[in-house]
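Here the sequence shown is numbered in the working numbering, starting from 70 and rising by one per residue.
Just so you know, even glycine gets a beta-carbon here, dropped at the ideal spot from N, CA and C.
This report concerns only the one structure given below.
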Amino acid sequence: MPPLPRPAILLPAVVLALAAWGCQGEADDDDTGDDDTTPTDDDTTPADDDTTPADDDTSDDDTSDDDTSDDDTSDDDTSPPAPEIWLGAFDSTRSGEAAIADGSLFGTLREVLLTGLSQPVGVRGNSVLSEAFVGTVDGLVISLHTAGDVAPQPLEDSELHQLEEFVRSGKPVVLLTDSNATADLDDLNDDLLVSFGITTDFSLSGEQYAFVSAPDAHVLTSDPNRLTTFTQYDPGPFEFLGPATFLAAMQGAPGYAGAVLDPGVWASGAGALVFFADLNTFIDEANALGVPGYALESADLIENVGEYLLANLGS
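Shown next as structure tokens:
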């Protein structure tokens, strides 16, 4: 049998070569696996990118902290403003529940003065119109009317002197008269008004309406609110106005419901004087005494009077 051809001897070498090639292929596959790891690294990168939005979410949390500070601001907004302008009035020792400074009948009036004007106005009370007291206020709102168990008292001579000197100094005053079935205030009203040339000698019973015939004739009835009427109850209308200008007349009845002496009219350098013939116009509608009140209805009038006082504070 002839010898086998030489190429048959090369078979193991071919096998070895194929085996080596196969190993190389596996090695290449392993390298490809490393390449597969690269996408895994790429996957890690998006995960890192995902961390960035998480950080952004944290900054949103910071924004919510800012929202909390907004809440703090809203808390501040609910706090009553601190007044720099003060009106003086009799307190409950002198006037009982009808005290403009702290009586239960005038919550709306005080609220409008404090929060409804171009700047907050507070009301400070005292039982006596003394020199020391009037020296602490920028204007006065004076009424001799009382409610509850407190009897009305006339102004003492010293108090009337302080009132007159206060007006002479250029500062504004609001005087509120009244008359009702339980307390005859006619004489007291005259004592309060006589220095300024105004008299009131009679009263009307029940609900009465004040008619503003010329709203644009004075800022008290035109700015910032244009008024045509307001309501009074058992008023003590003004009969004679002297140098004062009437603001409103009683509708269907004699007398005047409101009047004003602008700055300098009563005396050279004198402050403004505003007069209303009834307190009920400024009393709360809902009150513990069941007294007829029209303060909410009269909020525009209160605002007008408040702004007029602010514009005429004097020196």
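Tell me which same chain residues have a C-beta within less than 6 angstroms of the C-beta of residue i, skipping the five on either side of it?
| i | result |
| --- | --- |
| residue 161 | 168, 171, 172 |
| residue 291 | 284, 285 |
| residue 273 | 304, 322 |
| residue 327 | 316, 317, 345 |
| residue 159 | 168 |
| residue 210 | 156, 158, 169, 243 |
| residue 228 | 198 |
| residue 241 | 208, 340, 341, 378, 381 |
Locate the beta strand (DSSP E) running through residue i, then write down its first and last residues.
| i | result |
| --- | --- |
| residue 195 | 190 to 195 |
| residue 212 | 208 to 212 |
| residue 328 | 325 to 330 |
| residue 289 | Element bounds for residue 289: n/a, residue is neither H nor E. |
Going by the DSSP bridge assignment, what does residue i pair with across the sheet?
| i | result |
| --- | --- |
| residue 155 | 191 |
| residue 198 | None, per the DSSP bridge assignment. |
| residue 298 | 280 |
| residue 316 | Answer by DSSP bridge pairing: none, since residue 316 is not bridged. |
| residue 216 | 165 |
| residue 342 | 242, 330 |
| residue 268 | 309 |
Excluding the 5 residues preceding and the 5 following residue i in the sequence, name in chain order all residues of the same chain whose CB lies nearer than 7 angstroms to its CB.
| i | result |
| --- | --- |
| residue 357 | 173 |
| residue 348 | 167, 212, 214, 245, 247 |
| residue 278 | 298, 300, 320 |
| residue 218 | 165 |
| residue 43 | What the structure shows of the chain is the stretch from 70 to 384, and residue 43 is not part of that stretch, so it cannot be assessed. |
| residue 202 | 157, 195 |
| residue 281 | 290, 296, 297, 298, 316, 317 |
| residue 176 | 353 |
| residue 309 | 267, 268 |
| residue 369 | 294, 296 |
| residue 231 | 198, 199, 200, 203 |
So is residue i buried or exposed if we call it buried at 16+ other beta carbons inside 10 Å?
| i | result |
| --- | --- |
| residue 41 | No answer is possible for residue 41: the residues shown for the chain start at 70 and end at 384. |
| residue 212 | buried |
| residue 256 | exposed |
| residue 188 | exposed |
| residue 150 | exposed |
| residue 317 | buried |
| residue 207 | buried |
| residue 134 | Residue confidence is low: residue 134 scores 48 on pLDDT, short of 50, so the model does not pin down where it sits. No coordinate-derived value is stated. |
| residue 153 | exposed |
| residue 362 | buried |
| residue 336 | exposed |
| residue 341 | buried |
| residue 235 | buried |
| residue 105 | Unreliable placement is indicated for residue 105, whose pLDDT of 46 sits below 50; the coordinate value is still reported in the next sentence. It counts as exposed. |
| residue 261 | buried |
| residue 126 | Its pLDDT being 46, under 50, residue 126 is placed unreliably in this model, and the coordinates cannot settle the point. |
Starting from residue i, trace the alpha helix (DSSP H) in both directions and tell me its first and last residue.
| i | result |
| --- | --- |
| residue 235 | 226 to 237 |
| residue 363 | No alpha helix (DSSP H) contains residue 363, which DSSP labels as neither H nor E. |
| residue 178 | 176 to 184 |
| residue 374 | 368 to 380 |
Return no unless some Cβ of chain B is closer than 8 angstroms to the Cβ of residue i.
| i | result |
| --- | --- |
| residue 315 | Although the question refers to chain B, the structure presented lacks it and comprises just one protein chain. |
State yes or no: is the C-beta of residue i nearer than 7 angstroms to some heavy atom of the ligand HEM?
| i | result |
| --- | --- |
| residue 327 | For the structure depicted, the ligand HEM is absent and the ligand set is empty, with no information on it obtainable. |
Below 8 angstroms CB to CB, which residues in the same chain sit around residue i once its five sequence neighbours on both sides are set aside?
| i | result |
| --- | --- |
| residue 367 | 299, 300, 350, 351 |
| residue 374 | 243, 289, 343 |
| residue 205 | 155, 157, 193 |
| residue 333 | 339 |
| residue 287 | 314, 316, 329 |
| residue 184 | 149, 150 |
| residue 275 | 302, 303 |
*the segment 212 to 232 / the segment 315 to 331 touching (three or more Cβ pairs under 8 angstroms)*: no
- Any contact of the segment 377 to 384 with the segment 302 to 316, i.e. 3+ C-beta pairs under 8 angstroms? no
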